[in-house]
Every structure is written in structure tokens, then in C-alpha cells.
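**Student:**
Residue numbers (the working numbering), protein chains in the order written: chain A, 1 to 90; chain B, 101 to 190.
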């Protein structure tokens, strides 16, 4: 199977879309249930910090796909982290 | 503040390291507690699929940083997804 360059690019965009918006259902579930007992504080601490660095990296190299995707993920991951800090267990 | 190219690259590597290994504490917490009630099935379904696409994308364009980071994240996200399917609630 030989893929055209625009088809390869499409796989990248689909991957970026999924890994960015995957945090929407988690944010909704955490917000609604306030059940953060099984959500790892370590994960969201490291992840939010990491996505913040991705955002800074994107801003420095001025790549809009990186900036946009990581700005959205940063907001979602941060909201889950804040909920975890407020509701550590049920 | 003006950054050297290798300093900018270092920010990217730190970001990649953190967003990859952030899933380690979540996998450990989920494995130990079997408490997946607050972990979103929607998130891990979309995320695992998305990281799988990142991995395919990395393999096609033959970029080892993408391949390595996403292979590790894929294994971690998949293990959390499998735990969620086995232990949907406490």
C-alpha cells in the first residue's frame, strides 16, 4: 500500500484531533461525578506540565497546529487537575 | 530572552518525555486500586486510538522520536483501557 503525501498528513491530523479531544469526555465525567478517586494526581501533574512545555515549544517555533492542539489540551488537562485537587476522593 | 536552537530542542524533548511518562502513575494507580470508576472510557478509547494513529504516522514518515514516544504511550494507554473494561466500577 502506497500512500499519497496528503493521505499521510491526514493520518497525522486525525491523530492530533483524537489525542487532543480525548480529554473532553474525561473532563465531562470528572466534572459531573466529582469522582476523581481513580484519576492519578501524578499523571495530571506531569501531563499538564508537559503539555504546557509543548505549548511553549510551539509558540517559540511558531507552529500553529502545535499551539492550537496544546492550548486546548492544556485547558482540559488543567481543569481535570484542578478537579482532582478539589475532590481527591469521593 | 533569546534561546539557542539546542535549548529549544531541549524544551521539546522535555515536553515529549513528560507527556509520555505521565501515563505511568495512572497505569500504576489503576492496576493497584482496580478503581477505574472515575476514569473515562470515552477518553481512553479515543486516546488509545489516537496514539495508535500517531504511531502509524511515525512509522510512515520514519521519525524515531515519534515512534518511540507513541509506542510507549500506546502500551500504557491500552493497559489503562483494558483495566477500565475489566473493572468499570469498584
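A virtual CB, placed ideally from N, CA and C, is assigned to each residue, including glycine.
1. Could you confirm whether any beta carbon from chain B is found closer than 7 Å to the beta carbon of residue 82 of chain A?
2. Report yes or no: is there a C-beta of chain B within less than 7 Å of the C-beta of residue 67 of chain A?
3. Using a Cβ-Cβ cutoff of less than 7 Å, which residues in the same chain neighbour residue 34 of chain A once the five nearest sequence positions on both sides are dropped?
4. Got a sec? Which residues, its chain only, sit under 6 Å from residue 169 of chain B by beta carbon, not counting five neighbours each side?
5. What residues in its chain sit with their C-beta under 6 Å from that of residue 148 of chain B, if we drop five residues either side in the sequence?
6. For residue 66 of chain A and residue 58 of chain A, I'd like the C-alpha separation in whole angstroms.
7. Can a CB atom of chain B be found closer than 7 Å to the CB of residue 46 of chain A?
8. Residue 104 of chain B to residue 153 of chain B, Cα distance in whole Å?
9. Using 7 Å as the limit for Cβ to Cβ distance, is residue 131 of chain B near chain A?
10. Confirm, please, whether the CB-CB distance from residue 139 of chain B to residue 174 of chain B is below 7 Å.
11. Could one say the Cβ of residue 143 of chain B lies closer than 7 Å to chain A's Cβ atoms, at least one of them?
12. Here's the rule: buried if 16 or more other CB atoms are within 10 angstroms of the residue's CB, otherwise exposed. What is residue 144 of chain B?
**Tutor:** The structure says:
1. Position 82 of the first chain, counted from the start, is the residue given in the question as residue 82 of chain A. Residue contact check for residue 82 of chain A against chain B: no CB pair falls below 7 Å.
2. On the first chain, position 67 is the one that residue 67 of chain A refers to. Not an interface residue.
3. The sequence position of residue 34 of chain A within the first chain is 34, counting from 1. Contacts found: 87.
4. The sequence position of residue 169 of chain B within the second chain is 69, counting from 1. Around residue 169 of chain B: 116, 120.
5. As a first step, residue 148 of chain B must be located in the second chain, where it is residue number 48. Counting only Cβ-Cβ distances below 6 Å, and skipping sequence neighbours, we find 177, 178, 181.
6. Translated into positions along the first chain, residue 66 of chain A becomes position 66. Translated into positions along the first chain, residue 58 of chain A becomes position 58. Approximately 5 Å, taken between the alpha carbons.
7. Against the first chain, residue 46 of chain A aligns to sequence position 46. It does: the Cβ of residue 46 of chain A has a partner Cβ on chain B nearer than 7 Å.
8. Stepping through the second chain from its first residue, residue 104 of chain B is reached at position 4. Stepping through the second chain from its first residue, residue 153 of chain B is reached at position 53. The alpha-carbon atoms of residue 104 of chain B and residue 153 of chain B are separated by roughly 32 Å.
9. Position 31 of the second chain holds residue 131 of chain B. No, its Cβ sits nowhere closer than 7 Å to a Cβ of chain A.
10. Here the question's residue 174 of chain B lines up with position 74 in the second chain. Here the question's residue 139 of chain B lines up with position 39 in the second chain. Going by C-beta atoms, residue 174 of chain B is not nearer than 7 Å to residue 139 of chain B.
11. Residue mapping note: residue 143 of chain B aligns to position 43 of the second chain, counting from 1. At least one chain A Cβ lies under 7 Å of residue 143 of chain B.
12. As a position in the second chain, residue 144 of chain B is number 44, starting the count at 1. By the neighbour-count rule (16 or more Cβ atoms within 10 Å), residue 144 of chain B is buried.
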